[in-house]
Amino acid sequence: MNVIVGLGNPGKQYENTKHNIGFITLDQLAEQRGIKINKIKHKALVGEGIIAGRKVLLVKPQTFMNLSGQSVREVVSYYHVEPEDLLVIYDDVDLPLGSLRIRSKGSAGSHNGMKSILYDLQEDGFPRIRIGIGAERRMDLASYVLGNFDKEDREPMKQAVSRAAAAVERYLAEGIEAAMSEYNTKKEKKEKKEAE
């Protein structure tokens, strides 16, 4: 079984914030595949289903961001999930708004939810999809990530969420390398466009 974790904070007040892009992506994926994320298990809202012919567990930790690792550790331990079968989706303030960065492993960077997961799992060799929420902030980090998207940012973020959901499907069907190859935002494309 594959476990797909979207990071975010529980509660209405955080629903559409930048820090909840992992939850938002998981919700879109679930809606597209007719999976209901409505059972409470392992300190998370979870939903089971089939995507790309594989059994999946969609997981939205309800511990608040900084303790996400507690929930993920419980899930991984209970289902005996191998690192390559765990995929985590989350926001990244250090990436341009709307860009995707998919990796097979790595550090947590500045993201507290990922720091918690790496600490609790004592493992960094699992795939992740980072969705850029823009590094051009003009306020402190907490206020920025817990704020809603500006009107002009909503469309690019909607597209990024759709691409991230598609990348999850590609990962499940063909592996993380195939997802990286197709869905990583290409730096060279951006540079070419800027030169034109």
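Each residue of the sequence shown is one higher than the one before, counting from 89 in this note's numbering. Beta carbons are placed, not taken as given, at the ideal position from N, Cα and C, and that holds for glycine. This one's a predicted model, so the numbers in the text were calculated from it and none came from an experiment.
Taking all protein chains shown into account, decide if S198 is buried (16 or more other Cβ within 10 angstroms of its Cβ) or exposed. Along the sequence shown, read from residue 1 onward, the residue named residue 198 stands at position 110. Exposed, because fewer than 16 other Cβ atoms sit within 10 Å of the Cβ of S198.
Is the Cβ-Cβ distance between N58 and N90 less than 9 angstroms? This structure cannot speak to residue 58, because the chain is shown only from 89 to 284.
To which residues does DSSP link K143 through a beta bridge? The residue labelled residue 143 in the question sits at position 55 within the sequence shown. Paired residue(s): I138.
What would DSSP say about P149, mapped onto helix, strand or coil? The residue labelled residue 149 in the question sits at position 61 within the sequence shown. Note: P149 maps to strand in three-state DSSP.
Using the C-alpha atoms, what's the distance from L188 back to A252? Here residue 252 is taken as the residue at index 164 of the sequence shown, counted from 1. Here residue 188 is taken as the residue at index 100 of the sequence shown, counted from 1. Looking at the two C-alpha atoms, the distance is approximately 7 angstroms.
Roughly how many angstroms lie between the CA atoms of L174 and L133, to the nearest whole one? As a first step, residue 174 is located in the sequence shown; it is residue number 86 there, counting from the start. As a first step, residue 133 is located in the sequence shown; it is residue number 45 there, counting from the start. About 16 angstroms.
Inspect the beta-carbon positions of T273 and G220 and report whether they are closer than 9 angstroms. For this step, residue 273 is matched to residue 185 along the sequence shown. For this step, residue 220 is matched to residue 132 along the sequence shown. Yes, Cβ-Cβ distance for T273 and G220 is below 9 angstroms.
Measuring only the C-alpha atoms, how far is Y232 from D241? Numbered from 1 along the sequence shown, position 144 holds the residue referred to as residue 232. Numbered from 1 along the sequence shown, position 153 holds the residue referred to as residue 241. Near 13 angstroms, if we compare the C-alpha coordinates of D241 and Y232.
CA-to-CA distance, F152 to Y36, given in whole angstroms: There is simply no residue 36 to check, as the chain begins at 89 and stops at 284 in what is shown.
DSSP-derived helix/strand/coil call for N200: Position 112 of the sequence shown, counting from 1, holds the residue named residue 200. Correct three-state label for N200: helix.
Rounded straight-line distance, which links the Cα of I177 to that of V160: To locate residue 160, count along the sequence shown from 1; it is residue 72. To locate residue 177, count along the sequence shown from 1; it is residue 89. Straight-line Cα distance between these residues: approximately 12 angstroms.
Using the three-state DSSP reduction, which class does V233 fall into: helix, strand or coil? Looking up residue 233 in the sequence shown gives position 145. In this structure, V233 counts as helix in the three-state DSSP scheme.
Simplified DSSP state of I125, which is helix, strand or coil: In the sequence shown, counting from the first residue as 1, residue 125 sits at position 37. Coil.
Are the Cβ atoms of V249 and I139 separated by less than 9 angstroms? Within the sequence shown, the letter at position 161 stands for residue 249. Within the sequence shown, the letter at position 51 stands for residue 139. Contact flag unset, no.
Exposed or buried, which one is G201 when buried takes at least 16 other CB atoms within 10 Å? Along the sequence shown, one-based indexing puts residue 201 at 113. Counting Cβ neighbours within 10 Å, G201 comes out buried, since at least 16 surround it.
Counterpart residues of T105 in DSSP-defined beta bridges: Position 17 of the sequence shown holds residue 105. Paired residue(s): N236.
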